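The structure appears right after this line, and notes come after that.
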Amino acid sequence: MRDIGVKLKLAPVRSIIENKKIIIVDDSIVRGTTSKKIVKMLRDAGAKEVHMRIACPPIIGSCYYGVDTPDTQQLISFRMSDEEVCEYIGADSLGFLPLNKMKEFLGDEYRTFCDACFSGVYPVPPADLVTPASSYVV
């Protein structure tokens, strides 16, 4: 289903892409599957090089506060280094917005944002958010 979604949203035009160096800017990489498909589509359309830039830091932690993210083990940046992610998606280069630069950009407002998915530092530890099944009375 994700394959169809990617192909419907993105239709590379060979006459524009062929023999060009392409830079893709995306908001995030979560599992890596969509990025891998996008890079492949561009290569299949004849791109000479494909470089990815991501507008947030690597996502290394699941969100327990309301953002729908997969289990931590499914997060590609939790399991792989940036270089390994680059190789996995098939890009020539990969760059993320560094967490310290995001903090710098936000200035004093930074303290009002949770960055647990980027830093792995949770304001409330995840274990404290989940009630063990054994504590329920049946």
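All residue numbers for the sequence shown refer to the numbering used here, where the first residue is 244 and numbers rise by one.
By construction, the Cβ of each residue, glycine as well, lies at the ideal position given by its N, Cα and C atoms.
All values reported here derive from a predicted model rather than from experimental measurement.
Quick check: what's the CA-CA separation for Gly350 versus Cys360? Translated into the one-based positions of the sequence shown, residue 350 becomes position 107. Translated into the one-based positions of the sequence shown, residue 360 becomes position 117. Spanning the two alpha carbons is a distance of roughly 19 Å.
Just tell me which of Leu340, Leu337 and Ile267 has its CA closest to the CA of Ile281. Taking the first residue of the sequence shown as 1, we reach residue 281 at position 38. Of the candidates Leu340, Leu337 and Ile267, the one whose C-alpha sits nearest the C-alpha of Ile281 is Ile267.
Among all the DSSP beta bridges, which residues are the ones paired with Gly338? Taking the sequence shown and counting its residues from 1, the one referred to as residue 338 is at position 95. Looking at the DSSP assignment, Gly338 forms a beta bridge with Arg296.
Identify, in the order they occur along the chain, each residue of the same chain with its Cβ nearer than 8 Å to the Cβ of Ala288, setting aside the five sequence neighbours on each side. On the sequence shown, position 45 is the one that residue 288 refers to. Once the five neighbours on either side are set aside, the close Cβ partners of Ala288 are Pro255, Val256, Arg257, Ile260 and Glu261.
For Val268, does the three-state DSSP call read helix, strand or coil? As a working mapping, residue 268 is identified with position 25 in the sequence shown. Val268: strand per DSSP, three-state reduction.
How would you write the range of the alpha helix (DSSP H) that Arg257 sits in, first residue to last? As a working note, residue 257 is residue 14 in the sequence shown. Note, Arg257: alpha helix (DSSP H), Arg257 to Ile260.
In three-state DSSP terms, what is Asp351? For the purposes of this step, residue 351 is taken as the residue at position 108 of the sequence shown. In the displayed model, Asp351 falls within a helix according to three-state DSSP.
Please work out which residues of its chain come closer than 8 Å, Cβ to Cβ, to Leu342, disregarding the five sequence neighbours upstream and downstream, and give them in chain order. Here residue 342 is taken as the residue at index 99 of the sequence shown, counted from 1. Closer than 8 Å at the Cβ level, and outside the excluded window around Leu342, lie Pro300, Asp358, Phe361 and Ser362.
Mind reading off the beta-carbon distance from Leu198 to Ile297? Whole number of angstroms is fine, and I expect it under 8 Å. Missing from the structure shown is residue 198; the chain here goes from 244 to 381 and no further.
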